[in-house]
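Take a look at the structure set out below.
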Amino acid sequence: MSLTMTISPDFKPEFISGWYIFNTWLQKQANVHIHLEMVNDFGELAAAIDNNGIDLIYANPCDVAKLVREKGFTPVAQPVGTQDETVIITQADSPINSIEALPEKVKVAITDVPDVNTIGMIMLEPADIAPDDIETLTCSNYITVAKKVISGEADIGFLLADAFEDFSGLVKKQVATLITSNIHVLHHAFLAGPACSAEIDILQTALTSMDDDAKSRAVLA
2 MSLTMTISPD FKPEFISGWY IFNTWLQKQA NVHIHLEMVN DFGELAAAID NNGIDLIYAN
62 PCDVAKLVRE KGFTPVAQPV GTQDETVIIT QADSPINSIE ALPEKVKVAI TDVPDVNTIG
122 MIMLEPADIA PDDIETLTCS NYITVAKKVI SGEADIGFLL ADAFEDFSGL VKKQVATLIT
182 SNIHVLHHAF LAGPACSAEI DILQTALTSM DDDAKSRAVL A
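Below you can see the structure in the form of structure tokens.
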């Protein structure tokens, strides 16, 4: 039996090799062949999900809901001590110093990460901006979002909070944080599809006990 696993494409590129190490570790723990299939963006991921091409996935919050409701996936584990929060940024010297101070028409730099965009739009509600007056500029990654804001091409940008924290000091000096979400309930999760029903228990045991021995902890590093 062979299973196909993929990873939500909003992870940091420098972690690609780590996911392959994780896949090797997981195969040994579950004693099953797992093919790791990376996707380039959320459009490609959606197509793979719709075509039932995924058996295991580390998914973002929006996809977790769809996979459970529509595809019969089962949540197996989630990372400890992490949440998916969103930051809205603007230029460091911008006159916009609060959500309420946004202009009636606003340009927003975004990525294709659905949960970040959804939370960002919710946080814009106090500005009472009509949907037709919000122009979005879709960027390939978070650093490009920051560049659009810094250059003035966008008034504000939506970022994953963890991505913002990883920016260099030079980038952070050129932007200002308008607001950060404080939801605490949104998080990525590892899910198994219907084809993995026989492996769910062993997968859950392996994943939830990763911190119990040194070799497994090294996979998390």
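In terms of our numbering, the sequence shown opens at residue 2 and continues consecutively. Don't be surprised by glycine CBs; every beta carbon is placed ideally from N, CA and C.
query = Exposed or buried, P96, counting other C-beta atoms within 10 Å across all chains shown (16 or more means buried)?
reply = For the purposes of this step, residue 96 is taken as residue 95 along the sequence shown, with counting starting at 1. Its Cβ having fewer than 16 others within 10 Å, P96 is exposed.
task = Answer with buried or exposed for I123, where buried requires no fewer than 16 other C-beta atoms within 10 angstroms of its C-beta.
result = Residue numbering aside, residue 123 sits at position 122 when the sequence shown is read from its first letter. By the beta-carbon neighbour count (other beta carbons within 10 angstroms, threshold 16), I123 is exposed.
query = Any idea what DSSP makes of F191, helix, strand or coil?
reply = Position 190 of the sequence shown, counted from the first residue, corresponds to residue 191. Looking at F191 - three-state DSSP - the assignment turns out to be strand.
request  = Please confirm whether A147 and V176 have their CB atoms less than 7 Å apart.
outcome  = Taking the first residue of the sequence shown as 1, we reach residue 147 at position 146. Taking the first residue of the sequence shown as 1, we reach residue 176 at position 175. With respect to the 7 Å criterion, A147 and V176 are classified as neighbours on the basis of their beta carbons.
task = May I ask you to list the residues that DSSP assigns as paired with A110?
result = Along the sequence shown, one-based indexing puts residue 110 at 109. A110 is bridged to L138, G158.
ask   = Leaving out five residues before and five after H36 in sequence, what residues of the same chain have Cβ atoms less than 8 Å from its Cβ?
value = Translated into the one-based positions of the sequence shown, residue 36 becomes position 35. Cβ neighbours of H36 beyond the five flanking positions: S3, L4, T5, M6.
request  = Tell whether a beta-carbon distance below 7 Å holds between I89 and G121.
outcome  = Within the sequence shown, numbered from 1, the residue matching residue 89 stands at position 88. Within the sequence shown, numbered from 1, the residue matching residue 121 stands at position 120. Yes.
Contact set for D116: own chain, Cβ-Cβ below 7 Å, skip 5 residues either direction = Within the sequence shown, numbered from 1, the residue matching residue 116 stands at position 115. Same-chain partners within the cutoff: N61, P62, C63, D85, L187.
ask   = According to DSSP, which residues form a beta bridge with A78?
value = Stepping through the sequence shown from its first residue, residue 78 is reached at position 77. In the DSSP output, where bridge partners are listed per residue, A78 has F191.
Own chain, CB closer than 7 Å to E101, minus 5 neighbours either side, in chain order = Sequence index remark: in the sequence shown, residue 101 carries index 100 (1-based). Within the same chain, and ignoring the five residues on either side of E101 in sequence, the residues whose Cβ sits closer than 7 Å to its Cβ are P127, A128.
query = Can you tell me where the beta strand (DSSP E) with L57 in it begins and where it stops?
reply = By one-based count along the sequence shown, residue 57 stands at place 56. Its beta strand (DSSP E) spans residues 57-60.
inquiry  = Rounding to the nearest angstrom, what Cα-Cα distance links L138 and D94 in this structure?
reply    = In the sequence shown, residue 138 corresponds to position 137, counting from 1. In the sequence shown, residue 94 corresponds to position 93, counting from 1. Rounded to whole angstroms, L138 and D94 show a C-alpha spacing of 21 Å.
Alpha-carbon to alpha-carbon, I144 and F168 = Counted from its first residue, the sequence shown places residue 168 at position 167. Counted from its first residue, the sequence shown places residue 144 at position 143. F168 and I144: Cα-Cα distance of roughly 8 Å.
request  = Grab me the residues of S56's own chain with a C-beta within less than 6 Å of its C-beta, minus the 5 sequence neighbours each way, in chain order.
outcome  = Here the question's residue 56 lines up with position 55 in the sequence shown. Here residue 56 turns out to be Asp, not Ser, going by the sequence shown. Only L4, T5, G194, A196, C197 meet the Cβ criterion.
ask   = According to the neighbour-count rule (16 or more other Cβ atoms, all chains shown, within 10 Å of its Cβ), is I17 buried or exposed?
value = Position 16 of the sequence shown, counting from 1, holds the residue named residue 17. The residue in question, I17, is exposed, as its Cβ has fewer than 16 Cβ neighbours within 10 Å.
query = Based on the DSSP output, what are the partners of S3 in its beta bridges?
reply = To locate residue 3, count along the sequence shown from 1; it is residue 2. For S3, which the question treats as bridged, DSSP gives the partners H34.
ask   = So what does I100 bridge to, in DSSP terms?
value = By one-based count along the sequence shown, residue 100 stands at place 99. Beta-bridge annotation (DSSP): I100 is not paired with any residue.
message = My output table needs one value for A93: the three-state DSSP class, helix, strand or coil.
response = Counted from its first residue, the sequence shown places residue 93 at position 92. Residue state, collapsed to three classes: coil.
message = Our contact map puts T209 next to A78 with C-beta atoms below 8 Å; I'd like the distance itself, whole angstroms only.
response = Here the question's residue 209 lines up with position 208 in the sequence shown. Here the question's residue 78 lines up with position 77 in the sequence shown. A78 and T209 do touch by the CB rule: their CB atoms are close to 5 Å apart, below 8 Å.
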